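Contents: one structure, followed by commentary.
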Amino acid sequence: MKYDIEKICDEVCRIAISAGKYLKEEQATFSRGKIEMKGVRNYVTYIDKEAEKRIVAGLSELLPEAGFLTEEETVQFEQKEYTWIIDPLDGTTNYVHSDTPYSVSIALMKDKTIVLGVVYDPVAEELYSATGKENVRLNGQPVSVTSKNELQNAYIGFGIPYSLDSAGEKILQNALAQFRNCSFRIKGSAAIEICYVACGRSDAYFHSALSPWDVAAGTFILNCAGGKCTDFSGGENYIFGRELVASNGKVHDAIMTNIIK
Ligand code: 2AM
Ligand code: CA
29 MKYDIEKICD EVCRIAISAG KYLKEEQATF SRGKIEMKGV RNYVTYIDKE AEKRIVAGLS
89 ELLPEAGFLT EEETVQFEQK EYTWIIDPLD GTTNYVHSDT PYSVSIALMK DKTIVLGVVY
149 DPVAEELYSA TGKENVRLNG QPVSVTSKNE LQNAYIGFGI PYSLDSAGEK ILQNALAQFR
209 NCSFRIKGSA AIEICYVACG RSDAYFHSAL SPWDVAAGTF ILNCAGGKCT DFSGGENYIF
269 GRELVASNGK VHDAIMTNII K
C-alpha cells in the first residue's frame, strides 16, 4: 500500500476533532442513567460506542484496506498489514462525572510498528499529532520533552489500576516514599497524560493494566518528541504488555530504580 502519511495524518486529525466535538456536546446533556457498568469502576457509555462508530467510518474511507483494534469493539479485529488502534473516549470515568480531561486517541500501526499518533483533548482544544521525529506537534507547533534529570521536584503523572494487585500496591508505596521529592498527579486520561510528557508539561508518567488503545498514540508521540517508553522491566513491550513507564528519558532510570523497582 502506498500512501502519503502527512495527508493521512491531516485527515485523522480532522476525524479526531470531529469525534471530540461530539463528545463535548454530549457531555453537556447526557444522563447517568444511560451508563452501563463494564466492571467495577469501569464505565462505558453509549457515547463511547457512537464516537467509535463515527471514527471507524471516517478511517475506513481513508484507508479501506486497514483493520481495527478498538476499545468498544464496534468492529471486529482482523490481522492486517495496517491496523488502526482506537480509544474513542479515553478518560471515561472523568467524562461520566462531568469532569476533565478526556480524549480521542488514534494510532496507525504497520505490522508491529506505530507510524502515526493523534490525541485530541476537545475541552482544552489541544491536538497532539506525530508522524515521526521531524513532525511532532501540539496544535501545529513543534514540541519536545523537559530537560529535568532527577526526581527532586519532578512532576509525574500516574494512574491506579481498577483491579489493583500486590505488585501495583508496592509501586504506589514506592511512589509514596518519593512524595517529599516529587509532585504526583492523577489526571485520568492516559493518552493525554503521556502527551503531557511529550510536550514538556510533565516529566514522566507510569501506569499498569493499560490496553493498547490507551497508549499506542501517546507513546508514539512521546517517542517522536525525544522521550522514552518502556514496560516495567525496562523492555519494549509497553503497548501490548499492560505496563508503561513514559518519561523525558532523563528521569527514566531514577523512576525505574526508585518507584517501579
Ligand atoms: P479509560 O478511560 O478508557 O477507561 C485512568 O486510570 C486511565 O487509565 C484512563 O486513561 C483509563 O482509560 C485507563 N485505563 C485503562 N484500563 C484501566 C484499568 N484497568 N485501570 C485503570 N485505568 C485504566
Ligand atoms: Ca482508555
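Heads up: take any position in the sequence shown, counting from 1, add 28, and you land on the numbering used here.
Glycine residues also receive a C-beta, built at the ideal position from the N, C-alpha and C atoms.
Just so we're clear, the structure is a prediction, and the values are computed from it rather than from any experiment.
query: Three CB pairs or more closer than 8 angstroms across the stretch 243–262 and the stretch 132–149; result: yes
query: Integer-rounded CB distance, given that A85 should sit under 8 angstroms from F112; result: Rather than Phe, the amino acid found at residue 112 in this sequence is Trp. That pair is no contact at about 12 angstroms.
query: Contact belief for A218 with G187 at Cβ below 8 angstroms, rounded distance in angstroms; result: 6 angstroms
query: Residues near Y156 by beta carbon distance below 6 angstroms, same chain, minus five either side; result: V147, L166, C223 and I249
query: At least three beta-carbon pairs within less than 8 angstroms, the stretch 189–207 to the stretch 131–138; result: no
query: Proximity to D32 [Cα-Cα], best of A274, P129, L91 and P150; result: L91
query: When Y130, D38 and L87 are compared against E54, the one with the closest alpha-carbon; result: Y130
query: Check: D76 C-beta below 7 angstroms from any heavy atom of ligand 2; result: no
query: Distance cut-off 7 angstroms: E100 Cβ against heavy atoms of ligand 1; result: no
query: Near ligand 2: L149 beta-carbon under 7 angstroms from a heavy atom; result: The sequence as given places Asp at residue 149; Leu does not occur at that position. Incorrect: D149 has no Cβ contact closer than 7 angstroms to ligand 2.
query: Rounded separation between E221 and K30 - CA only; result: 33 angstroms
query: Residue range of the alpha helix (DSSP H) that includes H280; result: H280 to I283
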